[in-house]
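Trainee: Would you mind keeping the following structure in view while I ask a few things?
Number of protein chains: 2
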Amino acid sequence: MVRKTKEEAEVTRRHIIDAARQVFRDCGVRSSTLEKVAAAAGVTRGAVYWHFRNKTELFFAMREEATLPFVDRVVFDLNAADPLAGIEVALREIFVILEDHADVREIFEILSFKCEYVDEFKPMMGCSDGQMEFLQKLTEAYRQAGELGALRPGLSASDLAHDTFLFIGGLIKHWLAASPNQRFRSDALSLIHNHIMLRRI
Amino acid sequence: MVRKTKEEAEVTRRHIIDAARQVFRDCGVRSSTLEKVAAAAGVTRGAVYWHFRNKTELFFAMREEATLPFVDRVVFDLNAADPLAGIEVALREIFVILEDHADVREIFEILSFKCEYVDEFKPMMGCSDGQMEFLQKLTEAYRQAGELGALRPGLSASDLAHDTFLFIGGLIKHWLAASPNQRFRSDALSLIHNHIMLRRI
DNA sequence: GTTTATACATTCAAGAATGTATGTAAAGTA
DNA sequence: TACTTTACATACATTCTTGAATGTATAAAC
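Here the protein sequences come in this chain order: A and B.
When we follow UniProt numbering, the leftmost residue of the first sequence carries the number 1, and every step to the right adds one.
When we follow UniProt numbering, the leftmost residue of the second sequence carries the number 1, and every step to the right adds one.
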């Protein structure tokens, strides 16, 4: 066969990852075979085994790409005139990203519904570092809002952040499960708005 | 072999379901083999195939048992003096049940983390009838609370119910993922309390 | 320009896992 | 009591799936 250049090999690698995402979503991670992935990528299993040691390594390579857009785009503007609006914007941004990036959305769908968290995947059941960081930033944002007197009194920043964290987790799950223009999918932004409204003075 | 009576056969059937629950939780549904289930139940695959047509049917038989305790025990007292307290009690009850009934907890764990929602399992991704019913009862309870003037103004009963529904969904997930005496597991009741407090006048 | 490492494709061996078919002994039943 | 059905166990054939081994043509390195 025609041996590829480094650049072409990198393209092949990405094709395999993209194919894996599609196959994982259609078949579930465990039920996906490297044969199916290879076929979807237009290569043979040999190519897959060349780029990845096994399915697990391929899975984690695929997962890598899901977290990237969020760290840049889901940010809390601590200096905003209306800090709660800043939080609302950040929360909305999550779903804008999911709407925009089909690949990220598919990875989230796989992680939520197409993966059995056993053996080497078991540690991923709990909160990821990224999630904990999100919770922490959320807490800080609420603290700031509280200092600016924007919060209705009674609850601590940590309490509010945890409540929002769980709300968002639930919303992401139902948003992913719903088809487009179905209940939770189309109502996400107003649900977020209501959620924040509860916190206003 | 010694042929069993009808009653003994029913016991065998339950053993198989219990074994399936254990194996599903340890291995994931797709990775579980009927051989493992049979071994865990102390029978052969022949017995499993006698009682269930295949793994899917066994899975649904197992799942049947998860919903039962909730319909009886998670109830909203619409006539309570403090209707929000009534809602809080109902929400707490969910986690009391999960704490009490290891089998129910394990089934939830399987449904949340050990199952790939593809093919015949795909329809289960969305909200179950039970969940929709819960959301509906929750809405009704908030409406009642609103009519009694117990709610802080600004949001409709439906808005509040959806917010609570997503919160509870997120909490269940994190509660299940956490080991006992870990963050979300031990804080569940106070998280619920805070959540309800946000709604008070 | 020769050598070597790369980027795959192809082939092979071995082990699951499944569904079915068959065997069997006792429980029901007429 | 003779027959039938039940409740399994056992055996078998078939179908994936995997990992590794091997082949190979070419890009890259020297």
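Yeah, the Cβ is synthetic: ideal placement off N, Cα and C, and Gly gets one too.
Counting only Cβ-Cβ distances shorter than 7 Å, please list the residues of the stretch 106 to 119 of chain B near chain A, keeping chain order.
Mentor: For the stretch 106 to 119 of chain B, which is checked against every Cβ of chain A, the residues closer than 7 Å are F113, K114, C115, E116, Y117 and V118.
Trainee: From B:R13, B:F60, B:C27 and B:V74, pick the residue whose C-alpha is nearest to that of B:G46; which is it?
Mentor: For B:G46, the closest alpha carbon among the candidates B:R13, B:F60, B:C27 and B:V74 is that of B:R13.
Trainee: Three-state secondary structure (DSSP) at B:L151?
Mentor: It is a strand residue.
Trainee: Would you mind working out which of A:Q182, A:R199, A:S190 and A:L166 sits nearest A:G154, comparing C-alpha positions?
Mentor: Of the residues A:Q182, A:R199, A:S190 and A:L166, the one whose Cα lies closest to the Cα of A:G154 is A:R199.
Trainee: Return the CA-CA distance between A:A39 and A:K114, expressed in angstroms with no decimal places.
Mentor: Roughly 20 Å between the two C-alpha positions.
Trainee: Quick one: Cα of B:E120 to Cα of B:L111, how far?
Mentor: 14 Å
Trainee: What are the residues of the stretch 22 to 34 of chain A that lie near chain B, defined by any Cβ-Cβ distance shorter than 8 Å?
Mentor: D26, C27, G28, V29, R30 and S31
Trainee: Beta-carbon separation of A:S128 and B:E116 under 8 Å?
Mentor: no
Trainee: For B:R200, does the three-state DSSP call read helix, strand or coil?
Mentor: DSSP, reduced to helix, strand and coil, places B:R200 within a strand of the structure shown.
Trainee: If we define contact as Cβ-Cβ less than 8 Å, is B:F167 a contact residue for chain A?
Mentor: yes
Trainee: Would you mind reading off the limits of the alpha helix (DSSP H) that contains A:T56?
Mentor: Start and end: K55 to R73.
Trainee: Short of 9 Å Cβ to Cβ, which residues in the stretch 141 to 161 of chain B face chain A?
Mentor: R152, G154, L155, S156, D159 and L160
Trainee: Specify whether the stretch 138 to 145 of chain B and the stretch 131 to 151 of chain A touch according to this definition: at least 3 beta carbon pairs, one from each stretch, less than 8 Å apart.
Mentor: With fewer than three CB-CB distances shorter than 8 Å, the stretch 138 to 145 of chain B does not count as touching the stretch 131 to 151 of chain A.
Trainee: Confirm, please, whether the CB-CB distance from B:I168 to B:E88 is below 8 Å.
Mentor: no
Trainee: At which residues does the alpha helix (DSSP H) containing B:R25 begin and terminate?
Mentor: K6 to C27
Trainee: What's the call for A:T56, buried or exposed, on a 16-neighbour Cβ count within 10 Å?
Mentor: Counting the other Cβ atoms within 10 Å of the Cβ of A:T56 gives fewer than 16, which makes it exposed.
Trainee: Tell me whether A:E99 sits in a helix, a strand or coil according to DSSP, three-state version.
Mentor: helix
Trainee: Please confirm if residue 224 of chain A has its CB atom under 8 Å from at least one CB of chain B.
Mentor: As displayed, chain A neither begins before 1 nor continues past 201, which places residue 224 of chain A out of reach and without an answer.
Trainee: How far does the alpha helix (DSSP H) with B:T164 in it reach, from first residue to last?
Mentor: A157 to A177
Trainee: Once you ignore the five residues that flank A:A178 on each side, which residues in its own chain have a CB closer than 6 Å to its CB?
Mentor: F184 and R185
Trainee: Mind checking whether A:H174 and B:L84 have CB atoms under 8 Å apart?
Mentor: no
Trainee: Could you list the residues in the stretch 120 to 141 of chain A with a C-beta less than 8 Å from some C-beta on chain B, going in chain order?
Mentor: M125, G126 and C127
Trainee: Of all the options A:T67, A:L34 and A:E64, which has the alpha carbon lying nearest to the alpha carbon of A:R53?
Mentor: A:L34
Trainee: B:H174 versus chain A: which residues are under 9 Å apart at the beta carbon?
Mentor: G126, C127, F165, L166 and G169
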